[in-house]
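Its first residue numbered 1, the sequence shown is counted upward by one per residue in this note's numbering.
Backbone N, C-alpha and C fix where the C-beta goes; we use that ideal spot for every residue, glycine too.
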Amino acid sequence: MSKSPPITISSDELRARVEDVLDRWIPDQKWKNGETYARHKLDIYRERWPDVAHYDNDYLVALTADTIREAEFADAINSISESVMVIAGTLQTQT
Numbered sequence: 001m002s003k004s005p006p007i008t009i010s011s012d013e014l015r016a017r018v019e020d021v022l023d024r025w026i027p028d029q030k031w032k033n034g035e036t037y038a039r040h041k042l043d044i045y046r047e048r049w050p051d052v053a054h055y056d057n058d059y060l061v062a063l064t065a066d067t068i069r070e071a072e073f074a075d076a077i078n079s080i081s082e083s084v085m086v087i088a089g090t091l092q093t094q095t
């Protein structure tokens, strides 16, 4: 059992706090994906390191904000890569 307090933050409260951290609105699909993945990651952290006492609601806020930023960064890099491949003529399109 984890020494961290239980996670009690609602999805709505989590979203409000993450949007405050990021200082912007998060589109619904990005929110759904980010929240689901961050909660999953935190569950794994709490199982693997039960002696850690700071895996709490505040940690989930930070983890969710980071997860959303990382996903947006990956999307941007993939878009840039695809554009470069189109310009270079190396992107194969499916027909």
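Problem - alpha helix (DSSP H) segment containing ILE80, residue limits - result: Residues 57-88.
Practice task
Go ahead and pull the three-state DSSP assignment for ARG46.
Solution key: Correct three-state label for ARG46: helix.
Practice task
For ARG39, name the three-state secondary structure that DSSP assigns.
Solution key: ARG39 sits in a helix when the DSSP states are folded into three classes.
Practice task
Can you grab the Cα-Cα spacing for the pair LEU14 / ALA88, in whole Å?
Solution key: Taking the Cα positions, LEU14 is about 43 angstroms away from ALA88.
Practice task
For the alpha helix (DSSP H) holding VAL18, just list the boundary residues, first then last.
Solution key: Run containing VAL18: 11-22, per the alpha helix (DSSP H) assignment.
Handout entry: Other residues of its chain near HIS54: CB distance less than 8 angstroms, five sequence neighbours each side excluded
Key = Sequence-distant partners of HIS54 (beyond 5 residues in either direction) whose C-beta falls short of 8 angstroms from its own C-beta, in its chain, are SER4.
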